[in-house]
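Residue numbers (this note's numbering), protein chains in the order written: chain A, 57 to 270; chain B, 57 to 270; chain C, 13 to 233; chain D, 13 to 233; chain E, 302 to 539.
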Ligand code: HEM
Ligand SMILES: Nc1ncnc2c1ncn2[C@@H]1O[C@H](COP(=O)(O)OP(=O)(O)OP(=O)(O)O)[C@@H](O)[C@H]1O
Ligand SMILES: Nc1ncnc2c1ncn2[C@@H]1O[C@H](COP(=O)(O)OP(=O)(O)OP(=O)(O)O)[C@@H](O)[C@H]1O
Ligand SMILES: [Mg+2]
Ligand SMILES: [Mg+2]
């Protein structure tokens with residue numbers, strides 16, 4: 057289980073262009089960080105770099121668990137979950153197939169998947185094809201996959217956008233419980249998160265922060 | 057040019073289930089309506105029904121222009137634009153190809169497209185493939201397509217979600233200008249819009265409003 | 013007309029630009045053609061007999077290969093909504109899509125066909141009829157395929173529909189084309205089958221857009 | 013192991029439902045097989061000679077049909093990100109995808125092949141070797157095709173590009189399979205080519221997942 | 302990126318004089334080879350068409366040699382993420398395609414008078430055709446992915462897969478033809494080549510190699526310049 061992450065002078069480039077450089081951050085169990093930054097500042101890129109999907113051009117991310125340092129690949133493969141801009145759902149499968157697959161894939165159980173769905177008010181929708189769900193319902197499905205996965209590092213990329221007010225509250229509760237249970241949350245968001253979180257601004261006005269010259 | 061819409065006791069069903077029924081609304085040039093409602097209440101379905109993409113199960117939508125009533129197909133084909141949950145952009149084309157195509161398709165000009173892009177801070181990104189844009193940049197591209205299209209009825213489905221604060225301001229200005237120029241805006245949103253808009257709640261707690269039984 | 017040229021150019025760009033263009037078609041055809049002798053043995057007599065039929069197969073396959081993209085992408089990424097809200101009826105969009113598919117994929121293959129057929133040992137004199145059949149038949153394949161692509165939108169079993177609906181429709185042009193080539197080679201009357209092929213393809217080009225548009229509308233709603 | 017069975021079942025479900033790959037491939041196969049007699053004219057002797065090789069070739073080509081979907085969907089809708097964050101390395105996912113493709117598409121084709129070959133006039137006795145070649149060769153085709161599908165992720169052109177990348181790699185299995193069938197028909201030693209086919213397909217199954225995973229990682233980054 | 306900017310200095314310094322030198326060597330060798338060639342008597346069977354040999358055989362040889370270079374460069378760029386190696390692979394592909402096309406074209410031009418047909422499905426010919434297709438696929442793939450770094454890596458993976466596969470293709474094709482009674486007209490060439498032909502042929506082979514070396518270096522230099530210009534443009538854009 058991941059109990060702490062430290063990011064040291066990380067640099068991320070996209071297509072030859074440096075985007076983020078010298079980014080450092082330390083995150084402990086029970087802590088949440090809200091990443092803010094302009095469109096194109098590199099929030100998504102940063103989250104993907106932490107998840108190991110993008111290779112940083114410099115710096116490193118260290119994961120620590122109860123038993124000392126964990127190799128990044130292992131840490132991510134066993135204990136991280138990413139909610140991206142896209143929900144990663146297959147339109148042609150049923151909601152239940154999608155939640156259960158992801159829960160089991162992340163090391164959870166079908167029972168946990170069912171509980172997470174109930175929590176997010178999806179129980180009555182589980183037999184529908186994902187294609188038939190509304191945008192908010194799809195996002196809730198993606199969040200149910202997250203909640204059903206026994207993973208302590210949550211990397212969230214604007215998780216709340218299409219949710220209605222009630223559901224934002226529900227997900228806020230889920231995040232609070234996750235933190236209380238020793239989880240870590242790193243969330244990119246343009247709006248304030250419904251939990252207490254340390255705010256970190258990336259990008260600002262410097263090179264690569266805003267836009268890229270055509 | 058559309059100068060008024062009136063919706064009379066519209067009913068929309070999705071897959072055999074009644075979703076909205078008896079919905080009435082009148083909208084005049086220069087007016088904006090903010091549709092609110094829970095996830096799955098039917099906001100998207102309503103907007104698509106107004107756009108003629110879904111056939112309502114009862115009721116009707118009447119469009120009026122300077123010269124009297126306009127047939128719904130004509131009104132929509134010549135004077136409406138829809139921003140959906142998805143941006144409708146082709147990942148493999150360049151940003152500029154996408155804006156220009158849509159502007160011309162909607163009856164606008166390349167010059168208008170360029171101006172809209174400048175307005176939304178996209179000028180330096182126009183040579184990039186859409187695949188390389190961040191979520192907020194893509195949405196801005198979709199909004200630039202809207203702004204470049206000479207269409208008076210704007211149907212917006214959560215248009216602001218992935219935008220950063222500055223860009224929300226910019227789009228707020230665009231909306232205000234559109235209204236000042238005699239446009240009509242019908243926007244579904246979970247957060248307050250950056251312009252003055254009449255709030256209309258759909259769904260509430262009644263049958264079909266919240267969720268659909270599995 | 014302006015709308016048609018807009019959507020047609022868009023479709024053409026989507027299926028044609030980026031990576032190769034004609035070179036890609038040539039490579040595809042060559043690769044297919046070089047497999048034929050490998051599978052049948054190098055015996056020229058055998059190959060000569062199969063070569064024209066094989067050219068057909070390649071055309072049909074190529075038109076099936078990119079079928080899925082014809083409507084599905086636009087449908088799933090929301091672009092079809094915006095196109096439907098445009099000035100032109102969906103029928104015209106469907107026509108443009110079919111024609112673009114034809115120009116971008118079927119036509120280059122048809123033009124290359126005689127080269128390959130000749131390399132496989134068929135007499136050079138067959139070239140004109142092979143090109144003619146390829147161009148005309150390709151038109152039919154593109155539109156029939158388009159109907160399948162539109163029908164399978166948003167349905168759970170799209171591929172099944174394509175297979176059951178489109179492939180039977182492929183049969184007549186395949187027969188007419190093969191007949192025309194064979195008659196030409198044998199010095200018989202090739203005009204009749206070619207005319208039939210023409211008629212079939214033109215009918216497909218004229219009627220299929222309606223079916224495609226209806227299917228797309230149904231999927232959107 | 014649990015992870016493997018999970019992802020394998022997911023892939024299988026996705027290619028059976030939704031896309032309907034197998035039925036499209038089967039339909040294509042049948043349509044092409046019915047084209048052969050038309051293209052060759054009614055002379056049965058000719059056809060018998062060509063039938064097995066032709067059936068084999070069409071089988072190889074039919075496996076190209078749903079290749080595009082193998083990685084692209086998961087890539088574009090973000091599902092591949094989540095799979096990559098799972099307990100299993102991408103290599104294993106690639107293996108599962110290749111095997112699922114095999115079971116869902118190549119195996120039905122292989123089982124149908126003898127029917128087609130017999131219908132075309134080849135002796136019924138060829139059935140076992142045709143099935144064996146189809147099953148074994150199909151494995152190779154699926155994995156080689158997977159490499160093409162993974163490599164073309166994020167590219168501007170799908171179908172035809174994949175086919176071009178993949179067809180040269182199809183050369184050895186096509187040769188071995190055709191050789192085995194022909195040798196069997198002629199009463200010669202068919203074991204050697206069949207073993208070669210086996211070896212090639214197994215090697216492809218063992219090595220291609222690495223190439224597929226590397227290509228997918230490259231596309232994700 | 303850094304690595305790329307450090308190492309290339311040395312490469313650029315080296316290639317500045319090496320490329321023209323190789324070019325001169327190529328021209329000299331080719332001149333000598335062609336001079337010897339035209340002194341040689343017309344072949345008693347093939348007549349003057351034998352001159353095609355001096356273009357054809359080295360081109361056929363180069364088509365394989367360049368693929369080997371491409372494979373090695375791809376391997377280095379894939380494993381060590383060496384940008385110069387990626388540039389080298391990218392630069393080699395069109396040259397290889399050119400040589401292969403030349404071998405195919407001169408071969409079929411030669412085949413018309415000698416074998417009476419433009420093309421036969423002989424193992425050697427077939428495997429050259431497959432090699433050509435590999436090149437075409439490589440270039441098509443690289444051209445179809447817009448992000449340059451990603452395109453380079455994808456193409457490198459394909460090149461490696463091809464490198465492993467080419468010998469198998471070659472032997473399978475040889476084996477195929479021995480199984481199916483191929484047309485026995487050919488088995489092109491033979492080792493028993495008289496010295497009057499062998500000497501100019503060898504000269505031509507070396508001329509081709511030097512010429513390839515020169516063109517390759519020039520093309521890699523072009524790649525490096527292009528990258529530098531892109532970096533400069535990016536800096537300027539801020
Ligand atoms: C398109 C047709 C042809 C292709 C693709 C082709 C390909 C090749 C290849 C790959 C080589 C081996 C080069 C090496 O690595 O040393 C070769 C060598 C040769 N080819 Fe061709 N060839 C073709 C046609 C012909 C024809 C028509 C002739 C003349 C009758 C011919 C005569 C030779 C000779 C004499 C050699 C040198 C043999 C040796 O290495 O000992 N080729 N060709
Ligand atoms: N094709 C369909 N078949 C059956 N049910 C559907 C279909 N499309 C949508 N629905 C159902 O209709 C309801 C309304 O969907 P809609 O997308 O209109 O909601 P919404 O108000 O836009 O929600 P959100 O705030 O999540 O975007 C949902 O419960 C959804 O499951
Ligand atoms: N593959 C790529 N190649 C080149 N540039 C890219 C690529 N992917 C992203 N970028 C660029 O990198 C920058 C950062 O993108 P990223 O998605 O990380 O931004 P973000 O902070 O998440 O923005 P948003 O708030 O809009 O989601 C953008 O300017 C984008 O254009
Ligand atoms: Mg982002
Ligand atoms: Mg909605």
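Glycine included, every Cβ here is placed at the ideal spot set by N, Cα and C.
Treat the numbers as computed from the prediction; the structure is a model and nothing was measured.
Near ligand 3: residue i beta-carbon under 7 angstroms from a heavy atom
{"i": "residue 183 of chain B", "result": "no"}
{"i": "residue 193 of chain B", "result": "yes"}
{"i": "residue 448 of chain E", "result": "yes"}
Min CB distance residue i to chain D below 8 angstroms
{"i": "residue 253 of chain B", "result": "no"}
{"i": "residue 473 of chain E", "result": "yes"}
Run of the beta strand (DSSP E) containing residue i, from where it starts to where it stops
{"i": "residue 84 of chain A", "result": "73-84"}
{"i": "residue 65 of chain B", "result": "58-70"}
{"i": "residue 254 of chain B", "result": "254-257"}
Segment limits, alpha helix (DSSP H) that includes residue i
{"i": "residue 99 of chain A", "result": "99-106"}
{"i": "residue 233 of chain B", "result": "221-236"}
{"i": "residue 177 of chain D", "result": "171-197"}
{"i": "residue 244 of chain B", "result": "Segment 240-244 is the beta strand (DSSP E) holding residue 244 of chain B; no alpha helix (DSSP H) there."}
{"i": "residue 249 of chain A", "result": "No alpha helix (DSSP H) holds residue 249 of chain A; DSSP gives it neither H nor E."}
{"i": "residue 165 of chain A", "result": "Neither: residue 165 of chain A is in no alpha helix (DSSP H) and is coded neither H nor E."}
{"i": "residue 357 of chain E", "result": "354-381"}
Short CB-CB distance (under 8 angstroms) between residue i and chain A
{"i": "residue 531 of chain E", "result": "yes"}
{"i": "residue 55 of chain D", "result": "no"}
{"i": "residue 81 of chain B", "result": "no"}
{"i": "residue 98 of chain D", "result": "yes"}
{"i": "residue 163 of chain B", "result": "no"}
{"i": "residue 273 of chain B", "result": "Since the displayed chain B opens at 57 and closes at 270, residue 273 of chain B lies outside it and no answer follows."}
{"i": "residue 172 of chain B", "result": "no"}
Minimum Cβ-Cβ distance from residue i to chain B less than 8 angstroms
{"i": "residue 176 of chain A", "result": "no"}
{"i": "residue 203 of chain C", "result": "no"}
{"i": "residue 221 of chain C", "result": "no"}
{"i": "residue 74 of chain A", "result": "no"}
{"i": "residue 310 of chain E", "result": "no"}
Residue-chain proximity (residue i, chain C), Cβ-Cβ < 8 angstroms
{"i": "residue 96 of chain B", "result": "no"}
{"i": "residue 476 of chain E", "result": "no"}
{"i": "residue 134 of chain B", "result": "yes"}
{"i": "residue 188 of chain B", "result": "no"}
Contact test: residue i Cβ vs ligand 5 heavy atom, cutoff 7 angstroms
{"i": "residue 93 of chain C", "result": "no"}
Contact test: residue i Cβ vs ligand 2 heavy atom, cutoff 7 angstroms
{"i": "residue 146 of chain A", "result": "no"}
{"i": "residue 140 of chain B", "result": "no"}
{"i": "residue 96 of chain B", "result": "yes"}
Residue i: CB within 7 angstroms of a non-hydrogen atom of ligand 4
{"i": "residue 100 of chain A", "result": "yes"}
Residue i at chain E interface by Cβ criterion, 8 angstroms
{"i": "residue 128 of chain C", "result": "no"}
Q) Does the stretch 105-116 of chain B touch the stretch 186-193 of chain B, meaning 3 or more C-beta pairs lie closer than 8 angstroms? A) no
Q) Along the chain, which unbroken stretches of the beta strand (DSSP E) at least 3 residues long are found entirely within the stretch 89-157 of chain B? A) 114-121, 124-126, 136-139
Q | Start-end ranges of the alpha helix (DSSP H) lying completely within the stretch 60-102 of chain D, minimum 4 residues | A | 81-88, 91-96
Q) What residue ranges within the stretch 174-218 of chain A form continuous alpha helix (DSSP H) runs of no fewer than 4 residues, ordered along the chain? A) 191-204
(Q) Count Cβ pairs between the stretch 153-166 of chain A and the stretch 119-132 of chain A that sit closer than 8 angstroms; are there 3 or more? (A) no
Q. For the 8 angstroms Cβ check, are there 3 or more pairs between the stretch 144-154 of chain B and the stretch 207-226 of chain B?
A. no
Q) Touching or not, the stretch 143-157 of chain C and the stretch 106-125 of chain C, by the rule of three or more beta carbon pairs under 8 angstroms? A) yes
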